[in-house]
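Per the working numbering, the first sequence runs over residues 226 to 495.
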Amino acid sequence: MPELPEVETTKRGVEPYLLNNRITKCWHSGLSLRVPFDSSKFNLIKNDLITGIERIAKYIVLNFKSKNRLVIHLGMTGNLRVSKFLKKVKHDHIVMNLENGNYLIYNDPRRFGLVSILANEEEFAMLDNNADDPFSAKMTPKLLLSKIKNKNTTIKAILLNNKIISGIGNIYACEVLFRSGISPFTLGKDIDLEKCKEILKNAKKILNSAIKSGGTTLKDYFNAEAKPGYFKIKLKVYDREGEECAACKSLIARSIQNNRSTFHCLNCQH
DNA sequence: CGAAAAACCTGGCAGC
DNA sequence: TGCTGCCAGGTTTTTC
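Written as structure tokens, this is what we have:
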């Protein structure tokens with residue numbers, strides 16, 4: 226569900242409440258998430274100082290003074306909220322009491338997300354295997370080209386592949402390709418350096434714009450203050466099947482690629 | 001081997 | 001008012 230902008234918005238939303246704070250207590254619904262929550266590891270972070278919060282790909286990572294870490298992924302429908310009161314609602318799965326009296330609550334109807342506690346230096350493949358995101362200085366057009374020049378799969382599937390480039394999900398893959406004038410069916414091996422430049426430039430532009438708007442809201446995403454984000458109105462092609470293309474007035478099409486919907490303009494994207 | 005499909009879940013919505 | 005089938009922002013696992 227949440228793509229990079231929603232995760233970044235959530236991270237920025239909870240950060241002021243968590244930094245220099247401590248988690249004193251932890252409650253778990255007992256229901257399994259994408260990765261089962263292991264409450265026996267809570268002692269690794271209990272009453273420890275939170276020294277930093279970062280976003281890595283679509284993960285939110287809390288760093289503690291002990292160097293132990295708390296890793297959170299929102300999956301398709303997860304959200305994090307900070308509340309002054311403990312008022313549990315349906316699908317709340319993890320509640321952490323903060324030393325300053327607030328509660329950090331992880332809610333996730335479909336339970337595709339995860340919350341995991343890692344010991345210092347502990348490896349976690351799901352987190353470690355992600356490539357750099359479009360904002361990373363390391364993610365250059367040349368690097369992207371080198372990763373995709375032999376790929377026989379479509380550029381749409383490539384943009385969704387976090388091992389090649391992280392942070393881009395189904396909505397923004399569609400939007401980036403529209404803005405770049407590239408057909409989602411173009412094969413990786415047919416993408417040249419100019420197109421890589423265009424893709425990275427537009428990805429940064431669109432993701433930044435979405436972050437400024439507080440993230441996209443479709444169904445389940447709420448920002449840290451539990452107010453719906455706002456951005457959908459700026460989407461040019463996603464979920465606009467049959468509507469007029471803003472650029473050329475021809476109709477926006479919907480196709481299925483790798484079991485996911487792709488929205489694109491047949492006239493503008495080649 | 002790489003690439004496509006299925007799987008993990010719940011809930012909203014359209015259509016009958 | 002049900003009931004059914006389809007669809008959903010992610011990403012790993014299984015199958016071809």
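Ideal Cβ placement from N, Cα and C applies to all residues, glycine included.
Residue i (DSSP reduced to helix, strand or coil)
i	result
Lys367	helix
Ala478	strand
Ile383	helix
Cys490	strand
Asp353	helix
Arg485	strand
Lys444	In this predicted model, Lys444 has a pLDDT of only 40, less than 50, meaning its place in the structure is not dependable enough to derive any value.
Gly413	helix
Glu346	coil
Glu469	strand
Tyr455	Residue placement at Tyr455 cannot be trusted, given a pLDDT of 42 that sits under 50; what the coordinates show is reported in the next sentence. Tyr455: coil per DSSP, three-state reduction.
Ala398	helix
Arg259	coil
Ile373	helix
Phe360	coil
Ser264	helix
Endpoints, beta strand (DSSP E) assigned at residue i
i	result
Asp273	Counting along the chain, Asp273 falls outside any beta strand (DSSP E), and DSSP gives it neither H nor E.
Lys250	248-253
Ile297	294-298
Bridge-paired residues (DSSP) for residue i
i	result
Asn322	Lys250, Tyr328
Ser391	None; Ser391 has no bridge partner.
Tyr306	Note that residue 306 is Arg in the sequence shown here, rather than Tyr. DSSP, once it has assigned bridges, lists Ile330 as partnering Arg306.
Arg280	Ile285
Asp317	Asn332
C-alpha gap between residue i and residue j, whole angstroms
i	j	result
Ile396	Ser486	9 Å
Leu443	Asp464	Note that Leu443 scores a pLDDT of 39, beneath 50, so its modelled location is shaky; the value from the coordinates is reported in the next line. In a straight line, the C-alpha of Leu443 is about 10 Å away from that of Asp464.
Thr365	Leu244	32 Å
Pro409	Ala471	18 Å
Ile342	Leu425	33 Å
Phe267	Val314	23 Å
Leu311	Asn387	36 Å
Arg247	Ser308	15 Å
Asn345	Lys236	21 Å
Asn377	Asn322	49 Å
Ser371	Gly406	21 Å
Ser480	Asn427	22 Å
Gly326	Thr249	10 Å
Ala382	Asp273	41 Å
Leu412	Val239	39 Å
Glu348	Asp358	20 Å
CB of residue i within 8 Å of CB of residue j, strictly
i	j	result
Ile390	Ala356	yes
Arg336	Leu258	yes
Gly338	Gly303	yes
Leu256	His318	yes
Ile270	Leu305	no
Phe497	Lys283	The shown model of the chain, from 226 to 495, leaves out residue 497, and the question about it has no answer.
Leu432	Pro230	yes
Leu299	Pro241	no
Asn375	Lys414	yes
Glu498	Ile436	Look at the range of the chain in this structure, 226 to 495, and you will see that residue 498 is not part of it.
Phe289	Ile275	yes
His489	Ala478	yes
Tyr328	Val340	no
Ile297	Ile281	no
Val462	Cys399	yes
Element boundaries [alpha helix (DSSP H), containing residue i]
i	result
Val340	Unbroken run through Val340 is the beta strand (DSSP E), 339-343; no alpha helix (DSSP H).
Tyr284	Run containing Tyr284: none in the alpha helix (DSSP H); it sits in the beta strand (DSSP E), 284-289.
Asn268	Premise fails: Asn268 is in no alpha helix (DSSP H) and is neither H nor E.
Arg237	229-243
Glu419	418-437
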